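Following: one structure in structure tokens, then a few remarks.
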């Protein structure tokens with residue numbers, strides 16, 4: 001992962017000329033390069049004495065203090081994170097990076113952190129977009145990134161139960177490759193797939209592009225091992241049970257604040273023989289959303305189902321005349337099917353019939369395939385736009401179906417209210433349930449003098465709208481530092497009390513990812 | 001509900017003669033009548049001063065102290081509960097019964113309980129079989145049953161989101177009748193359906209006989225309102241989200257120890273047009289289990305799917321020659337389909353093909369229909385057997401598929417080890433998932449002099465076996481008082497610490513259902 005951009009710059013390519021022209025016409029552009037990485041100011045490295053103690057636990061080769069290593073573990077990949085780094089501000093960097101190799105080493109590092117009052121930030125793929133990696137440093141003797149990169153094994157496969165025990169440092173493609181060798185797949189493909197890790201998926205309640213078929217990540221998890229300051233928590237004796245509250249659901253979403261996940265037992269599926277994606281056009285976002293709801297409530301979902309609103313459809317189809325909001329192109333839906341030839345055929349036939357009945361026009365596989373090929377590419381585009389002084393960011397929410405329309409309108413209004421009418425606001429639905437769905441917004445605007453403050457103002461307006469209309473502050477990006485005030489509103493004072501009670505009991509000195517999650 | 005028997009005795013009928021002969025031959029029988037209800041010794045009624053205070057909150061007509069009312073809220077419906085009552089021991093009775101009518105009245109009763117140090121036991125249908133209604137009374141000024149019977153309304157229906165907001169005191173049939181008037185169903189039909197309540201389903205993580213089609217109750221819940229000593233907790237903004245830990249999953253399974261649920265928002269489905277149940281025969285329990293696993297992992301489950309082992313099949317088919325364990329009759333499976341004519345036909349065709357491929361013999365609809373008609377009748381049979389001095393009880397567990405065979409064998413061995421080789425141990429699988437299933441055991445034995453102690457010894461042996469083989473202490477009966485020691489083993493000391501932390505924070509004086517759930 002690049003220090004101030006997404007992924008591997010070799011994969012990025014420049015902004016396509018047509019896109020550049022479009023952005024230039026609507027928002028204006030100006031070269032806005034990043035500083036050189038060596039010029040980014042980081043925190044002071046961890047004190048020698050503490051480094052020596054850590055080295056005794058994990059070996060000196062696994063305690064790293066160099067500029068580059070620490071820079072790469074500084075914050076996550078939100079636009080404010082990138083903007084700060086591009087301007088040379090890396091003051092949220094860890095003072096050291098420690099790479100334990102076993103559960104016991106993680107436990108020992110935690111015990112050391114408690115003893116020495118050093119904050120520990122669990123680090124997987126570094127893809128947080130909500131400030132999940134920027135620990136509060138006041139009051140601590142230092143901040144150390146607890147990098148799980150050495151936890152990269154497939155520990156067990158149970159073909160009968162169709163489960164696998166994975167280590168948390170496995171990135172998406174690594175996990176899929178190990179499972180594929182067993183004829184299996186996890187089926188979890190969020191946009192961050194190429195870099196994000198199994199542990200991160202679990203503690204942030206990630207949801208992938210194939211969630212309609214394979215399920216959200218929290219629905220894939222059947223067991224967890226967690227190192228906490230009070231000892232090891234081991235959960236998961238059955239798919240489901242009535243043995244009190246489901247504590248797995250308390251670890252999932254805990255973002256490292258309660259403990260460090262050192263193993264995750266997941267439900268797996270057989271590798272699909274067939275994958276086919278096709279595009280559909282609906283007359284409007286509302287019509288397309290109704291079609292999705294009808295499918296979900298009929299129990300007839302494809303593996304992938306996504307619907308862009310008019311504006312996002314127009315951008316996707318590169319129709320410059322439509323960007324302003326008016327579009328005669330309707331709304332693009334992607335429906336994808338994965339499985340055996342037989343199950344894909346049956347599901348596709350049933351869904352196709354229903355989608356056509358509901359007003360959809362089948363556009364064929366070409367556009368579907370194009371989506372599948374570019375599915376992990378979105379974040380690269382952001383870097384190209386930041387390079388030319390355009391502010392780009394995303395945010396997302398989830399709600400029950402009956403609130404979708406009002407939340408959609410309110411968030412769009414909040415964003416254009418804050419960023420000006422010239423701001424481009426795109427939206428899609430990418431995760432659907434019987435009772436509701438997610439909304440994912442992409443925003444672009446001309447950068448103001450202080451683009452971080454500019455975005456935070458807009459984001460706050462959007463979050464206020466989300467909460468005011470009874471939606472959730474996040475469907476699959478977690479809470480981090482950024483969503484805390486709205487989480488407090490969403491779960492109320494008693495909900496916050498519960499999180500605080502668990503935190504205080506498991507991590508009384510508060511060394512685990514301080515400042516994250518808990519309002 | 002009868003004070004010392006299941007349900008409505010008018011519905012029960014006597015033990016069929018064939019069954020009586022069977023039991024008499026294998027276990028021996030002797031008339032063992034219950035004492036008269038007026039002869040059951042209860043706790044002393046609540047002090048007048050406290051009664052007067054409660055009456056100020058809810059009105060004096062909703063504070064009840066009479067023998068009958070208190071007797072009916074004494075313990076639950078486990079066999080030890082019934083045996084104690086039949087012998088005249090009602091000392092776990094509440095000292096009073098209070099019936100608040102609104103959320104605010106519940107909150108006021110809780111505040112009063114805290115002020116007066118009176119234990120409060122939330123009461124729904126009174127069907128607990130794990131000691132969930134027998135609060136610890138030492139250290140409290142009294143024990144009051146907080147009866148939710150007045151919470152019997154359907155508050156909201158959202159046809160677009162397919163959700164309904166139900167009050168917790170609604171019994172299964174009441175909830176279904178209210179929803180049916182809207183063309184909807186919850187689809188939750190546990191054996192206790194006729195008496196158990198919506199609130200009870202939620203806080204015990206109930207699972208119904210149609211769980212393969214409609215989902216466990218915890219999967220049906222999308223929102224909850226809870227009155228706690230610290231204020232109101234209101235959860236549920238979306239079907240799923242990433243806004244930290246899912247606190248709904250902490251309320252579900254909390255058995256009244258964290259707060260009192262005053263409203264439950266559930267996912268609903270359209271009333272099925274067609275319901276068809278049919279029977280299948282498999283050569284062995286293992287073969288039938290493999291067929292269920294194959295269906296579950298193919299994503300092709302019927303609405304209802306159950307499989308009796310050889311012994312239970314033999315009893316069901318009234319084949320006295322087979323009771324000893326040897327059976328030439330194989331294993332009976334029930335597969336049921338509910339939905340529209342079209343979806344039922346499609347699902348039934350697909351499942352039928354697969355079940356036949358997997359060695360099943362279709363026995364037609366008659367036996368399936370017989371199961372459906374008798375589906376809520378099982379508990380009545382127990383009363384008839386207790387009347388003739390036979391000990392009968394059930395227990396259940398859940399595990400991943402790869403452990404099913406060993407858990408099945410170990411629990412059977414533990415039960416016959418404790419109760420003697422003459423004990424009858426029957427088993428079925430009634431809930432299946434991609435990664436595992438439940439096992440539900442029914443046990444009958446000749447009563448010893450102290451049948452309560454006799455059962456507790458056998459149950460402990462079974463629970464030890466369950467935990468030793470990595471299964472869950474309960475799939476759908478909850479923890480109560482009875483499962484606490486094994487819950488502690490299942491979730492470990494850190495898991496217990498989490499439950500205790502939440503309890504201590506929300507209910508620091510411990511007045512909510514003391515002694516229940518938390519080890």
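Chains as they are written, first to last, in the UniProt record's numbering: chain A, 1 to 519; chain B, 1 to 519.
Yeah, the Cβ is synthetic: ideal placement off N, Cα and C, and Gly gets one too.
Values in this document were obtained by computation on a predicted structure and should not be read as measured data.
Residues, ordered as in the chain, of the region 487-500 of chain A that lie near chain B by beta-carbon distance below 9 Å = Close to chain B, meaning a Cβ-Cβ distance shorter than 9 Å, are the following residues of the region 487-500 of chain A: 487, 490, 491, 492, 493, 494, 495, 497, 498, 499, 500.
By DSSP, does residue 23 of chain B sit in helix, in strand, or in coil?
-> Counting from one through the second chain, the residue named residue 23 of chain B turns up at place 23. Three-state DSSP puts residue 23 of chain B in a helix.
Nearest-angstrom Cα separation, counted from residue 350 of chain B out to residue 283 of chain A = Position 283 of the first chain, counted from the start, is the residue given in the question as residue 283 of chain A. Position 350 of the second chain, counted from the start, is the residue given in the question as residue 350 of chain B. The alpha-carbon of residue 283 of chain A is positioned some 35 Å away from that of residue 350 of chain B.
Chain-ordered chain A contacts of residue 473 of chain B [CB-CB under 7 Å] = For this step, residue 473 of chain B is matched to residue 473 along the second chain. Chain A residues near residue 473 of chain B: 243.
Residue 495 of chain B to residue 359 of chain A, Cα distance in whole Å?
-> Within the second chain, numbered from 1, the residue matching residue 495 of chain B stands at position 495. Within the first chain, numbered from 1, the residue matching residue 359 of chain A stands at position 359. Rounded to whole angstroms, residue 495 of chain B to residue 359 of chain A spans 51 Å at the Cα level.
Are any of the Cβ atoms in chain A nearer than 7 Å to that of residue 253 of chain B?
-> Working through the second chain from its first residue, we reach residue 253 of chain B at position 253. Closer than 7 Å to some Cβ of chain A, the Cβ of residue 253 of chain B qualifies, so yes.
When B:72, B:129, B:151 are compared against residue 104 of chain B, the one with the closest alpha-carbon = For the purposes of this step, residue 104 of chain B is identified with residue 104 of the second chain, where counting begins at 1. Nearest C-alpha to residue 104 of chain B: B:151.
Looking at the C-beta of residue 380 of chain A, does it have a partner C-beta in chain B at a distance below 7 Å?
-> As a position in the first chain, residue 380 of chain A is number 380, starting the count at 1. By this cut-off, residue 380 of chain A is not an interface position.
Can you find a CB in chain A that lies within less than 7 Å of the CB of residue 402 of chain B?
-> On the second chain, residue 402 of chain B is found 402 positions in, with the first residue counted as 1. Cβ-Cβ to chain A under 7 Å: yes for residue 402 of chain B.
With C-beta atoms as the reference, is residue 278 of chain B less than 7 Å away from residue 335 of chain B?
-> Along the second chain, one-based indexing puts residue 278 of chain B at 278. Along the second chain, one-based indexing puts residue 335 of chain B at 335. Yes; because the gap between Cβ atoms is below 7 Å, this pair is in contact.
With a threshold of 16 other CB atoms inside 10 Å of the CB of residue 326 of chain B, please say whether the residue is buried or exposed.
-> As a position in the second chain, residue 326 of chain B is number 326, starting the count at 1. Residue placement at residue 326 of chain B is poorly supported in this model, since its pLDDT is 41, which falls under 50; the coordinates still yield a value, given next. Residue 326 of chain B is exposed by the Cβ-count criterion.
Of the residues that make up the region 255-285 of chain A, which ones have a beta carbon closer than 7 Å to any beta carbon in chain B?
-> If you check each beta-carbon in the region 255-285 of chain A against every beta-carbon of chain B, the ones closer than 7 Å belong to 267.
Determine the chain B residues that contact residue 485 of chain A at a beta-carbon separation under 8 Å, and present them in chain order.
-> For the purposes of this step, residue 485 of chain A is taken as residue 485 along the first chain, with counting starting at 1. Chain B residues near residue 485 of chain A: none, gap ~12 Å exceeds 8 Å.
By the criterion of Cβ-Cβ separation under 7 Å, what are the contact partners of residue 209 of chain B in chain A?
-> As a working mapping, residue 209 of chain B is identified with position 209 in the second chain. Per Cβ cutoff of 7 Å: no residues; residue 209 of chain B is ~15 Å from chain A at best.
Please classify residue 320 of chain A: does DSSP put it in a helix, a strand, or coil?
-> Within the first chain, numbered from 1, the residue matching residue 320 of chain A stands at position 320. Note that residue 320 of chain A has pLDDT 42, beneath the 50 cutoff, so the model's placement of it is unreliable and the number below is only indicative. Note: residue 320 of chain A maps to helix in three-state DSSP.
Check the Cβ of residue 158 of chain B against every Cβ in chain A and list those closer than 7 Å, keeping chain order.
-> Your numbering for residue 158 of chain B matches position 158 in the second chain. Going along chain A in sequence order, the residues near residue 158 of chain B (Cβ under 7 Å) are 400, 402.
Using a Cβ-Cβ distance under 7 Å, would residue 168 of chain A count as near chain B?
-> Along the first chain, read from residue 1 onward, the residue named residue 168 of chain A stands at position 168. Cβ-Cβ to chain B under 7 Å: no for residue 168 of chain A.
Alpha helix (DSSP H) segments (min. 4 residues) lying fully within the region 167-241 of chain B = 172-180, 198-204, 211-214, 217-220
Name the chain A residues that come within less than 7 Å of residue 222 of chain B, Cβ to Cβ?
-> On the second chain, residue 222 of chain B is found 222 positions in, with the first residue counted as 1. Per Cβ cutoff of 7 Å: 435.
Could you spell out the range, first to last residue, of the beta strand (DSSP E) harbouring residue 440 of chain A?
-> Along the first chain, one-based indexing puts residue 440 of chain A at 440. Boundaries of the beta strand (DSSP E) harbouring residue 440 of chain A: 436-446, taken from the DSSP string.
Neighbourhood of residue 390 of chain A by C-beta distance below 8 Å, restricted to the same chain and skipping five residues each side | Taking the first residue of the first chain as 1, we reach residue 390 of chain A at position 390. Excluding positions up to five away in sequence, the list reads 23, 27, 29, 444, 445, 446, 447.
Note down the Cα distance separating residue 499 of chain B from residue 398 of chain B, rounded to an integer number of angstroms.
-> Within the second chain, the letter at position 499 stands for residue 499 of chain B. Within the second chain, the letter at position 398 stands for residue 398 of chain B. Between residue 499 of chain B and residue 398 of chain B, the C-alpha separation is close to 21 Å.
Bridge partners - residue 89 of chain A, DSSP secondary structure assignment = Counting from 1 along the first chain, the entry for residue 89 of chain A is found at position 89. According to DSSP, residue 89 of chain A bridges with A:41.
Residue 451 of chain B, DSSP secondary structure in three states | Within the second chain, numbered from 1, the residue matching residue 451 of chain B stands at position 451. Three-state DSSP puts residue 451 of chain B in a helix.
Residue interval of the beta strand (DSSP E) (run including residue 339 of chain B) = By 1-based counting over the second chain, the position of residue 339 of chain B is 339. First-last of the beta strand (DSSP E) with residue 339 of chain B: 331-339.
Stretch-stretch touch, CB-based, cutoff 8 Å, three pairs: the region 416-424 of chain A with the region 261-274 of chain B | no
Closest to residue 491 of chain A by CA distance: which of B:212, B:233, B:169 is it?
-> As a first step, residue 491 of chain A must be located in the first chain, where it is residue number 491. Minimum Cα-Cα distance from residue 491 of chain A among the listed residues B:212, B:233, B:169 corresponds to B:233.
Using a beta-carbon distance below 7 Å, is residue 205 of chain A in contact with chain B?
-> Working through the first chain from its first residue, we reach residue 205 of chain A at position 205. Closer than 7 Å: yes.
Compare the C-alpha of residue 205 of chain B against each of B:229, B:132, B:1 and name the closest.
-> In the second chain, the residue the question calls residue 205 of chain B occupies position 205. Nearest of B:229, B:132, B:1 to residue 205 of chain B, Cα basis: B:132.
How long is the line joining the alpha carbons of residue 248 of chain B and residue 488 of chain A, rounded to whole angstroms?
-> In the second chain, counting from the first residue as 1, residue 248 of chain B sits at position 248. In the first chain, counting from the first residue as 1, residue 488 of chain A sits at position 488. If you take the alpha carbons of residue 248 of chain B and residue 488 of chain A, they lie about 15 Å apart.
Ignoring anything shorter than 3 residues or poking outside the region 95-147 of chain A, list the beta strand (DSSP E) runs there in chain order.
-> Counting only runs of 3 or more residues that sit fully inside the region 95-147 of chain A, the beta strand (DSSP E) segments are 96-98, 119-123, 143-147, in chain order.
Are the CB atoms of residue 310 of chain B and residue 517 of chain B nearer to each other than 7 Å?
-> For the purposes of this step, residue 310 of chain B is taken as the residue at position 310 of the second chain. For the purposes of this step, residue 517 of chain B is taken as the residue at position 517 of the second chain. Cβ distance not < 7 Å, so residue 310 of chain B and residue 517 of chain B don't count as in contact.
Residues bridged to residue 427 of chain B by DSSP?
-> Residue 427 of chain B sits at position 427 when you count from the first residue of the second chain. According to the DSSP secondary-structure assignment, residue 427 of chain B is paired through a beta bridge with B:441.
Enumerated in chain order, which unbroken segments of the alpha helix (DSSP H) with a length of 4 residues or greater are wholly contained in the region 364-396 of chain B?
-> 365-373, 378-387
With DSSP collapsed to three states, give me the class of residue 415 of chain A.
-> Taking the first residue of the first chain as position 1, residue 415 of chain A is located at position 415. Of the three classes helix, strand and coil, the one that applies to residue 415 of chain A here is helix, per DSSP.
May I have the straight-line CA-CA distance separating residue 39 of chain B from residue 10 of chain B, to the nearest angstrom?
-> Position 39 of the second chain, counted from the start, is the residue given in the question as residue 39 of chain B. Position 10 of the second chain, counted from the start, is the residue given in the question as residue 10 of chain B. Rounded to the nearest angstrom, the two C-alpha atoms are 22 Å apart.
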